[in-house]
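Undergrad:
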Amino acid sequence: MAEPLLQLEEVEARYGPVKALHGVSLTVAEGEIVAVLGANGAGKTTTLRAISGTVRRSGAIRFAGKSIAGRSPEAVARLGIAHVPEGRGTLSELSVAENLRLGAYVRRGRASIQEDEQRVLAHFPWLGDRRNQRAGTLSGGEQQMLALARALMLRPRLVLLDEPSLGLAPRVVAEIFRIVGELNEREGLTVLVVEQNAILALEAASRAYVLEVGRVALEGGSETLRRNESVRRSYLGY
Amino acid sequence: MLLAFDWTQLAQQTVIGLSAGGLWALLALALVLIYRSTGVVNFAQGEMAMFSTFIAWSLIHHGLSYWQAFFLTLAISFAGGVALERVVIRPVERAPVLTVVIVTLGLFFLVDGAARWFWSSETRTLPNAFSTRPITVAGVAFSIQDLGNIAVSLGVVALLFALFQFTKLGLALRATASNPDESRLVGIRVSWMLALGWGLAAAMGAVSGMLTAPALASFDQNLMQPVLLYAFAGAVLGGISSPFGAVVGALLLGVFVNLIGTYVDWIGTDLRLPVALAVILGVLLVRPAGLFGRASARRV
Amino acid sequence: MRRALGIGAWLLTVAAGLGVFLVLPHLVSDFHSRDLARAGVFFIAIVGLNLLTGYTGQISLGHGALMAIGGYTTAALVVHEHWRDVWTIPLAGIAAGIVGFIIGIPALRLSGLYLALATFGFAVAIPSLLKKFSGLTGGTQGLRFLESAPLQVTGLTGKVTIFGHTMTQNHFLYYLTWSIGIVGFALAWLIVRGRLGRVFRSVRDSEIAAVSSGVNLAATKTLAFALSGVYAGVAGALLAIQDEIVNPLTYTFLLSILVLVGAVVGGLGSLPGLVLGALFVQYLPKISTHVSGRSGVRDFVYGAAIIVVMILLPTGAGGFLRRVARPLTTWLYTRP
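Protein chains in written order, with my numbering: chain Z, 92 to 329; chain B, 3 to 302; chain F, 202 to 537.
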C-alpha cells in the first residue's frame, strides 16, 4: 500500500499546562473523506489544530512524505493544507472577492488563479453576485461556504474542515455536505472533517475515528461504525 | 465689521494649516498603521522620524542633493523600521499591551539618545525642498513650500492607499491587521507583515521629518516631538483605527490650530496644543470612537 | 502548622522590610539618603497609579500633572500663606484627589487609547497653564521656598528634632517620605484586599460583567481616579518639599512617563514589585550617567535598559516575584 497522504502518530498537544491530546494516531489517504467524531472536549478541534500548527504539539505528523510536526501554520498552508477553522472562518472586514484572493495567497500565476476562481464559484454561484460585499455582513451559512470556497482557492491537497455545521440551519448544513461530497467525487478532494453531527459525517465520510478524552477510542469504515452499538448510543442517538 | 474681515489672510492661514496638517497626517498614518496591526501606539514614531531626518542631513552634508538624500533616507528608514521590529518588538509580541507600550517608550529614549550621541546637539538646517518664492493664486499669495508639502503628503497618502487596496502585499497587510490567526492559515507570514508595517511607518515618518525640518529656521533632536503630539491627537480625532480618518483628522487639526493661533489672541503659541486637545476631548465625548472610527463590538 | 509558617514568613518579610527602611540611611552617605527620599516620591505616585491602571484597568498618562497639582498646592500655601511645609501635605493630596476625580469623569465615556489621550492632554496642558497664570504660580520662574518663606522649610538649619531624635535634613526627608510611602502602601494593600479591590478588579476584567453584578461603574471609576490622585498629590507635595522649589520644568510629560514606566516595571496588578519599580526609575538615569556623561549615551542606555527589562520581565518585577515565590506559597497553602 502506498504511503497515506497524512499520517499522525502518537500526537500530543497542550494549551499551556493543560494537555488536550494524549497520543492520537490517524491516517488519511489521497482522495478520501475521513471524519473525526467525539463529544465536546474530546480533542477533535485540537487534532486539526495540531496538524495546521496552531497549537503546541509533539509526536510525528507526516504529510505527503514530509514531516510537518515542527512547522508554523503559514508553512503548513504553503504545503497545500487548507484549514477551515471552527466558526466563521472568514476575514470579516474584507470583501468576498478579497477573501477568495487571499485563499490563493501562496500561489503564483494570475491566469490559473482566475480560472480556479471561476471553477470554485461554480459550486457557490451566489458568491459571485456578492463579490464586493464585506464578508462580515454575510449570513452564518454564507460565511461558512465562503470559508470553504477560500480554502479551495489554495488548490489544496488536503482540506481540514472544522465543525462546518456549527450554529447553522439543517438545510444549510446539508448543502455544505452536498458540496463537499461533490468536490470529493468530481475533483478527488481529500478532506479531514471534524463534526458533532455524527449522522451527517458518517454519511459523507468513508472512514472515521472516534475520539474520547484526547485519544482514539474507535476507528473503522463508516458502515461498521454506524452499526457499532456504543457509537449508535453515544453519537447517533438511536 | 464683516467688510473688514480679511479673506486673503484666512485663505493663507488655511493653506499654512493644511501644510502643517499634511505633515502631521503622515506621522498619524504611521501611528495608525502600527496601531491597526498590534493595538499599540508607537511613542517612538516621532523620534524615529527625527533620526531619519538626521540621516538625510548627513547625506546632504556629504554632497547629495536634497531629493537624492530624500529617497536614500526613505530606503534606509524602511530597513531600519523592519530591523527595529525584529529586534525590539518581536520578543514582546505576545506580552500585555501596556508592556509593548513601555517598550516603545524605551525606544523613544533609545532613538533620541542615539541621535544625540551620533550628532551633537547643536542646531542645524536642512535645505528647502521647494522654492521659497511665493506664488499668487487668484490674488492671494501662497508659499510654494506649503503647497509642495501638501502635494507630497497627499501623494504619499495616495501611494499608500494604492498599495493597500490594489496589491497582493497590501491585501496581506490588511488581512494581518484584521485577523492575524486566520491570516496565518492562508499562508501569510504574519510576523513579517508586522515588520513590514514598521518599515512602512518608519518611511512615512521619514517623509514627515524631512519636510518638517526645512520649514524651520533650525532644528535639533526635539524636531518631531510636537509633531508626534499633533499626529497622535489628529489620529485619535479621526478614529485611530481608520487610516482615512487619521489623515482627515490631522488636516482638520492643522487648520484649526493655525486658525485659533491666528485669530484668538490670548491663545498664542503656548496654549495651542492644550486648546486643541480640549476640543478633541469634546469631540470624543460625543463620538467615543473618533470622527471616522467604527466602534468595534466587544466580546463579553 | 503550615498556615502558621505562612503567617510567620509573611511577618518576617514585613519586619525585614521595616528594618531595611529604618537602617538604610545610616548605611549610605547623608547626601545619598536624599536620592532615596526621591525614590520614595516615585514609590508613592507609582502605588497610586497602580491602583488605577493595575487594578481598575484605566490608563493614565497624566500622573505627572496630578503631581504638579500637589506640588503647587504645597508651594502656594508655603509661599503665599506661610504654612509650615509638612502641614500642607494633606491638603495637596485632597486637591489632587479632587482634580483626579474631575479627570475621571471623561473616563466614563472613554476607554483605552482615548482615555490615554485625554490624560495625555491634561499632562501636556498643565505646564503651559502653570506658565500662563503666573500670579499664583510664579510663571516660568516657579515658586522658591527659600526666598519667600525660609522659616517654613523644615530643617533649614541643618538639624531636625522629632520625638527627641535629632537628625539631618536629608534623613528627615527620607524618613518623612518613606513613612508616608509605607502607610500609603499599607492602605493600598488593604483596599486591594477588600471589597473595593474586588470591585476595582471586576471593572478591569469586564465592565459589562461588573455592571450586571451591581457595580456602579461611574462611582468606581471616578473613585479610583480620585484615590490615585490623592497619592499623586502627596507625592507631588513631597517632591516640592524636597526641592524647596516648584517650577513647570519639573512636571513635564516626562514625569508622567516615568511614573508609568515605574508602575509597569514594578508590575501592574501587584504591589510588592513597586519598590523595585520606584528604584528603577530613580536610579537608572544615575547609573546611565555613570556609563557615560554624554547626554546621548545616557538616554540611549536608559532606553535600552527599559526595553531589556520589559523583554526579560514582560509582567514586571511583580509578575517575576510571583513566579519565583510560587513553589513556596503553594507549599505553604496546600494541606500535606
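All C-beta atoms in this analysis are idealised placements derived from N, C-alpha and C, irrespective of residue type, glycine included.
(1) So for Met3 (chain B), helix, strand or coil by DSSP?
(2) Would DSSP call Tyr106 (chain Z) helix, strand or coil?
(3) Could you compute how far the alpha carbon of Leu97 (chain Z) sits from the alpha carbon of Ser297 (chain Z)?
(4) Give a yes or no on whether 8 Å exceeds the smallest Cβ distance from Glu184 (chain B) to chain Z.
(5) Between Ala141 (chain Z) and the rest of its own chain, which residues show a CB-CB distance below 6 Å, the 5 nearest in sequence each way excluded?
(6) Distance, Cα to Cα, Phe222 (chain F) vs Ala240 (chain F)?
(7) My assumption, with CB atoms under 8 Å, is that Ala246 (chain F) sits in contact with Ala433 (chain F). Please give the rounded CB distance.
(8) Over what stretch of residues does the beta strand (DSSP E) that includes Asp253 (chain Z) continue unbroken?
(9) Could you tell me the distance, in whole angstroms, from the CA atom of Ser54 (chain B) to the CA atom of Ala71 (chain B)?
(10) Grab the span of the alpha helix (DSSP H) containing Ala317 (chain F) for me, first residue to last.
(11) I want to verify the contact list: residues of chain F whose CB lies under 9 Å from the CB of Leu261 (chain B), in sequence order.
(12) Rounding to the nearest angstrom, what Cα-Cα distance links Gln287 (chain Z) and Arg176 (chain B) in this structure?
(13) Which complete alpha helix (DSSP H) runs does the segment 113-184 of chain Z hold, if anything under 4 residues is left out?
(14) Cβ of Pro290 (chain B) less than 8 Å from any chain F Cβ?
(15) DSSP state of Arg499 (chain F), grouped into three classes?
(16) Assuming contact is defined by CB atoms lying nearer than 8 Å, are Gly540 (chain F) and Ala297 (chain F) in contact in what I supplied?
(17) Between Pro276 (chain B) and Leu330 (chain F), which are expected to be in contact by the criterion C-beta below 8 Å, what is the C-beta distance as a whole number of angstroms?
(18) Cβ-heavy atom distance between Leu456 (chain F) and the ligand ADP below 7 Å?
(19) So, are the CB atoms of Leu31 (chain B) and Val249 (chain B) less than 8 Å apart?
(20) Nearest by alpha-carbon distance to Val119 (chain Z): which of Z:Thr136, Z:Pro108, Z:Glu100, Z:Gly107 is it?
(21) Report the neighbours of Gly189 (chain B) on chain Z: residues whose CB is nearer than 7 Å to its CB, in chain order.
(22) State buried or exposed for Gly200 (chain B), treating a residue as buried only when at least 16 other CB atoms are found within 10 Å of its CB.
(23) For chain B, find out if any of its Cβ atoms is closer than 8 Å to the Cβ of Arg192 (chain Z); answer yes or no.
(24) Since I believe Leu274 (chain Z) is in contact with Gln235 (chain Z) (beta carbons under 8 Å), could you give me their beta-carbon distance rounded to a whole number of angstroms?
(25) Starting from the C-beta of Phe120 (chain B), find all residues in its chain whose C-beta is less than 8 Å away, skip the five residues before and the five after it, and write them out in chain order.
(26) So does the segment 178-188 of chain B actually touch the segment 193-202 of chain Z, counting three or more Cβ pairs closer than 8 Å?
(27) Which same chain residues, not among the five before or five after Glu294 (chain Z), have their C-beta less than 8 Å away from its C-beta?
(28) Is Ala293 (chain F) closer than 8 Å to Gln443 (chain F) when the C-beta atoms are compared?
(29) In the DSSP assignment, find the alpha helix (DSSP H) that holds Thr451 (chain F) and state where it starts and stops.
(30) Find the residues of chain B that neighbour His174 (chain Z), judging by a C-beta separation of less than 7 Å, and give them in chain order.
(31) Per DSSP, what are the beta-bridge partners of Thr367 (chain F) in this structure?
(32) I'd like to know whether the C-beta of Leu318 (chain F) is nearer than 8 Å to at least one C-beta of chain B.
(33) Using the C-alpha atoms, what's the distance from Ala160 (chain B) back to Val257 (chain B)?
(34) Apply the 10 Å Cβ neighbour rule to Pro129 (chain B) and answer buried if 16 or more other Cβ atoms are within range, or exposed otherwise.
(35) Under 8 Å, do Ser261 (chain F) and Leu278 (chain F) count as touching if we go by C-beta distance?
(36) Which of the three DSSP states, helix, strand or coil, is assigned to Phe215 (chain Z)?
TA: This is what the structure gives:
(1) Counting from 1 along the second sequence, the entry for residue 3 (chain B) is found at position 1. Reliability of the predicted coordinates at Met3 (chain B) is poor, the pLDDT of 44 falling under 50, and the value obtained from them is presented with this limitation in mind. In this structure, Met3 (chain B) counts as coil in the three-state DSSP scheme.
(2) Locating residue 106 (chain Z) in the first sequence gives position 15, where the first residue counts as 1. Taken through DSSP and simplified to helix, strand or coil, Tyr106 (chain Z) comes out as strand.
(3) Indexing the first sequence from 1 puts residue 97 (chain Z) at position 6. Indexing the first sequence from 1 puts residue 297 (chain Z) at position 206. Approximately 16 Å, taken between the alpha carbons.
(4) Counting from one through the second sequence, the residue named residue 184 (chain B) turns up at place 182. Interface with chain Z (8 Å Cβ-Cβ cutoff): Glu184 (chain B) is included.
(5) Indexing the first sequence from 1 puts residue 141 (chain Z) at position 50. Counting only Cβ-Cβ distances below 6 Å, and skipping sequence neighbours, we find Val102, Ala104, Arg148.
(6) Walking along the third sequence from the start, residue 222 (chain F) turns up at place 21. Walking along the third sequence from the start, residue 240 (chain F) turns up at place 39. So the two alpha carbons sit approximately 13 Å from each other.
(7) As a working mapping, residue 246 (chain F) is identified with position 45 in the third sequence. As a working mapping, residue 433 (chain F) is identified with position 232 in the third sequence. That pair is a contact at about 5 Å.
(8) Locating residue 253 (chain Z) in the first sequence gives position 162, counting from the first residue. Segment 249-253, the beta strand (DSSP E) holding Asp253 (chain Z).
(9) The residue given as residue 54 (chain B) occupies position 52 in the second sequence. The residue given as residue 71 (chain B) occupies position 69 in the second sequence. Rounded to whole angstroms, the separation of the alpha carbons of Ala71 (chain B) and Ser54 (chain B) is 10 Å.
(10) Within the third sequence, the letter at position 116 stands for residue 317 (chain F). Note, Ala317 (chain F): alpha helix (DSSP H), 313-333.
(11) Against the second sequence, residue 261 (chain B) aligns to sequence position 259. Near Leu261 (chain B) there are no residues of chain F at all, since even the closest Cβ is about 19 Å away, more than 9 Å.
(12) The residue given as residue 287 (chain Z) occupies position 196 in the first sequence. The residue given as residue 176 (chain B) occupies position 174 in the second sequence. Rounded to the nearest angstrom, the two C-alpha atoms are 33 Å apart.
(13) 135-143, 164-169
(14) As a working note, residue 290 (chain B) is residue 288 in the second sequence. Output row for Pro290 (chain B): interface = yes.
(15) Taking the first residue of the third sequence as position 1, residue 499 (chain F) is located at position 298. Residue state, collapsed to three classes: helix.
(16) Nothing can be reported for residue 540 (chain F), as the shown portion of chain F is limited to 202 through 537.
(17) One-based indexing of the second sequence puts residue 276 (chain B) at position 274. One-based indexing of the third sequence puts residue 330 (chain F) at position 129. Right, the Cβ-Cβ distance comes to about 7 Å (below 8 Å), so this counts as a contact.
(18) The ligand ADP is absent from the structure shown, which contains no ligands of any kind.
(19) Here the question's residue 31 (chain B) lines up with position 29 in the second sequence. Here the question's residue 249 (chain B) lines up with position 247 in the second sequence. For the 8 Å CB-CB criterion, Leu31 (chain B) and Val249 (chain B) form a contact.
(20) Mapped onto the first sequence, residue 119 (chain Z) falls at position 28. Nearest of Z:Thr136, Z:Pro108, Z:Glu100, Z:Gly107 to Val119 (chain Z), Cα basis: Z:Glu100.
(21) In the second sequence, counting from the first residue as 1, residue 189 (chain B) sits at position 187. Those within 7 Å of Gly189 (chain B) in chain Z are Glu165, Ala168, Arg169, Tyr196, Val197.
(22) On the second sequence, position 198 is the one that residue 200 (chain B) refers to. Checking the sequence, you will find Trp at residue 200 (chain B) rather than Gly. Under this definition Trp200 (chain B) is a buried residue.
(23) Here residue 192 (chain Z) is taken as the residue at index 101 of the first sequence, counted from 1. With 8 Å as the cut-off, Arg192 (chain Z) counts as an interface residue toward chain B.
(24) In the first sequence, the residue the question calls residue 235 (chain Z) occupies position 144. In the first sequence, the residue the question calls residue 274 (chain Z) occupies position 183. Not quite, the Cβ-Cβ distance comes to about 15 Å (not below 8 Å), so this is no contact.
(25) Position 118 of the second sequence, counted from the first residue, corresponds to residue 120 (chain B). Only Phe56 meet the Cβ criterion.
(26) yes
(27) Locating residue 294 (chain Z) in the first sequence gives position 203, counting from the first residue. Cβ within range, chain order: Phe268, Ser313.
(28) To locate residue 443 (chain F), count along the third sequence from 1; it is residue 242. To locate residue 293 (chain F), count along the third sequence from 1; it is residue 92. In this structure, Ala293 (chain F) does not lie closer than 8 Å to Gln443 (chain F) by Cβ.
(29) As a working mapping, residue 451 (chain F) is identified with position 250 in the third sequence. Taken as a continuous stretch (DSSP letters only), Thr451 (chain F) belongs to no alpha helix (DSSP H), as it is neither H nor E.
(30) As a first step, residue 174 (chain Z) must be located in the first sequence, where it is residue number 83. Leu187, listed in chain order.
(31) By one-based count along the third sequence, residue 367 (chain F) stands at place 166. DSSP lists F:Thr362 as partners of Thr367 (chain F).
(32) On the third sequence, position 117 is the one that residue 318 (chain F) refers to. With 8 Å as the cut-off, Leu318 (chain F) counts as an interface residue toward chain B.
(33) Numbered from 1 along the second sequence, position 255 holds the residue referred to as residue 257 (chain B). Numbered from 1 along the second sequence, position 158 holds the residue referred to as residue 160 (chain B). The straight-line gap separating the alpha-carbon atoms of Val257 (chain B) and Ala160 (chain B) is approximately 21 Å.
(34) The sequence position of residue 129 (chain B) within the second sequence is 127, counting from 1. Answer is exposed; the Cβ neighbour count stays below 16.
(35) The sequence position of residue 261 (chain F) within the third sequence is 60, counting from 1. The sequence position of residue 278 (chain F) within the third sequence is 77, counting from 1. Not closer than 8 Å, so no.
(36) On the first sequence, position 124 is the one that residue 215 (chain Z) refers to. The answer is coil: DSSP assigns Phe215 (chain Z) none of H, G, I, E or B.
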